[in-house]
Structures are given as C-alpha cells and as structure tokens.
Amino acid sequence: MTGSKFVLSDYHEEKGPLVTFGGNGKGQTRGYGTLTNGVTTFKRVAYVEGLMHNLLTSTDMNWLWHKRLSHLNFKTMNQLSINKLVTGLPDHLFTKVFFLRSKSVAPEEIIFFVKKMEKLNNLLLILIPQVTPQQNGVVERRNKTLIGAARSMSSEANLATQFWVEAINTACYTQNRSLIVKCFKKIVYQLLRNRKPSIKHFHIFGCNWYILNNKDNLGKFDSKSDDGIFLGYSSISKAYLVFNKP
1 MTGSKFVLSD YHEEKGPLVT FGGNGKGQTR GYGTLTNGVT TFKRVAYVEG LMHNLLTSTD
61 MNWLWHKRLS HLNFKTMNQL SINKLVTGLP DHLFTKVFFL RSKSVAPEEI IFFVKKMEKL
121 NNLLLILIPQ VTPQQNGVVE RRNKTLIGAA RSMSSEANLA TQFWVEAINT ACYTQNRSLI
181 VKCFKKIVYQ LLRNRKPSIK HFHIFGCNWY ILNNKDNLGK FDSKSDDGIF LGYSSISKAY
241 LVFNKP
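For the sequence shown, position 223 matches number 223 in full-length UniProt numbering, and the numbering has no gaps at all.
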C-alpha cells in the first residue's frame with residue numbers, strides 16, 4: 001500500500017477497507033494500481049489516504065527467495081535476514097559434490113580423492129567399520145538434504161530427471177551460502193572464506209532464461225535472444241549454466 005496515488009500506473013478508484021496506523025491513526029483505501037520498482041512489478045497496490053510510508057507485503061517476496069535458495073526452510077531464511085548473515089561452519093561442513101559416470105568407478109575415485117585431501121591438509125584418515133552408515137552420519141544427512149532439495153526444485157520447475165546433476169549442484173551451491181552453523185551463528189561460506197556471501201545473484205532453478213544471440217546474421221525483426229532454462233551457477237567464475245532450448 002502507498003500514500004501517493006501518483007506512483008501507481010493503471011490506477012482506478014475503488015473503495016476498500018479502513019486501515020489503522022501506528023498511533024491509532026486511520027486511513028481509507030481509495031483505489032488500486034500497479035507499482036514498478038526497477039525490474040520488480042507489484043500489482044493491485046492499495047492507495048490509502050493519509051499513509052506516510054510505502055508498505056509492501058512480504059509473502060510473495062518470501063516465496064520468491066524460498067525458491068531462489070533451493071527451497072530453504074523459512075525458519076533459516078528468517079535467521080539469515082535477522083542476523084544479517086548474508087549480503088544482497090567448520091570447514092568440513094562446506095559441501096562439494098563430485099559426479100561419477102557409473103557406480104563401479106566409485107571406489108577408485110574415492111581412494112584418489114581421500115589421498116589427495118590427506119596430502120593437502122596433513123590429515124590422518126580413520127576408517128569406520130563396513131556396513132555401518134550410522135557412523136557416517138554427517139555425510140548421510142547432508143546427502144539426504146541435497147537430494148530432498150533437488151527433488152523439490154525439479155518438481156517445481158517440471159524438469160526431466162536428466163537434469164538431476166544440475167539440480168544437486170545448484171542445491172549445493174545455494175546451501176553452502178545459506179545454511180547456518182548454530183554454534184557459530186554464521187554461514188558455512190563465511191566460516192570457510194572469512195567473508196559474508198552475496199546472494200543477490202540467485203535465481204529460481206528451472207526458470208525461463210533468454211540468451212542474447214550476437215552470432216547469427218539476424219534480420220531487423222528477427223528475435224535477438226534464444227529461449228533457455230536456468231540450471232545453475234559456475235563455482236569458478238561469475239557465470240550461469242543455461243540449457244539452450246532446441
């Protein structure tokens with residue numbers, strides 16, 4: 001709602017409810033219109049006579065960021081906002097995912113990775129007994145969280161299962177920049193990199209994307225963009241992963 005009808009487009013007179021302000025002041029809703037703020041458009045914004053500030057309901061924005069953060073729960077989202085943990089954990093909780101062509105190559109790849117980490121970080125590896133996933137709780141729970149988020153994201157976007165790798169990668173990327181370590185009250189990313197992560201570049205997995213076509217010899221009235229689907233982020237550069245629709 002707003003106190004100035006001049007900031008609204010498509011405005012029309014329509015008597016609405018009586019609004020009570022702080023200090024027991026009251027204002028009558030006189031009409032509705034559309035408010036544009038940069039790239040964001042808000043429809044059916046109420047013009048309330050006597051209102052001194054612009055007020056925006058947070059419901060739609062909450063759901064938008066819920067999807068951008070790979071369907072992160074609202075409790076954690078509130079903590080991110082209240083404690084200002086992000087802009088726009090112990091190191092072992094920062095997650096990386098590595099995909100294999102088949103399950104048969106898992107043992108040799110795991111052995112190679114473990115030896116590499118031992119050498120880089122001067123670690124001593126202590127193995128757990130076989131067939132005891134209960135003792136590997138951190139990894140098991142983390143994997144469950146990633147799979148659950150990826151499933152929700154793919155279902156929301158109505159994407160085929162062929163994009164499951166991209167869904168898990170995106171969930172891993174966003175969760176590393178949004179999950180809070182309770183004992184430190186900080187984001188995993190911040191504990192590892194010693195700076196707050198920026199999430200202003202986050203987008204909804206599977207949303208429509210338009211790619212500028214500057215290669216083909218286009219006519220004056222030909223489309224200058226190709227349709228695409230947003231599939232994630234690059235971990236090494238400021239780039240996005242987009243599937244170009246055929």
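No residue lacks a Cβ here, since even glycine has one placed at the ideal position from N, Cα and C.
C-beta atoms of residue i and residue j nearer than 8 Å
i           : j       : result
Leu-51      : Ile-187 : no
Thr-87      : Tyr-47  : no
Phe-74      : Asn-62  : yes
residue 293 : Leu-241 : Residue 293 lies beyond the range of the chain shown here (1 to 246); nothing can be said about it.
Ser-225     : Ile-211 : yes
Spatial neighbours of residue i in its chain, beta-carbon cut-off 7 Å, leaving aside the 5 residues before and after
i      : result
Leu-18 : Lys-26 and Gln-28
Lys-67 : Glu-156 and Ile-204
Helix, strand or coil at residue i according to DSSP, with G and I counted as helix
i       : result
Leu-72  : coil
Val-45  : strand
Thr-132 : coil
Ile-187 : strand
Glu-14  : coil
Ser-223 : coil
Leu-241 : strand
Ser-4   : coil
Ser-9   : strand
Val-114 : helix
Beta-carbon proximity list for residue i, same chain, < 6 Å, skipping 5 on both sides
i       : result
Arg-44  : Tyr-32
Tyr-189 : Asn-176, Arg-177 and Pro-197
Ala-149 : Ser-70, His-71 and Ala-171
Per DSSP, the bridge partner or partners of residue i
i           : result
residue 247 : With the chain running from 1 to 246 in the structure shown, residue 247 is simply not present.
Asn-208     : Ile-229
Asn-140     : Per the sequence presented here, residue 140 reads as Glu, with Asn not at that position. Paired residues: none, contrary to the question.
Cut-off 8 Å between Cβ atoms - residues of its own chain near residue i, not counting five sequence neighbours on either side
i       : result
Gln-135 : Ile-128 and Pro-129
Can we say the segment 231 to 239 touches the segment 166 to 173, given the rule of at least three CB pairs closer than 8 Å?
yes
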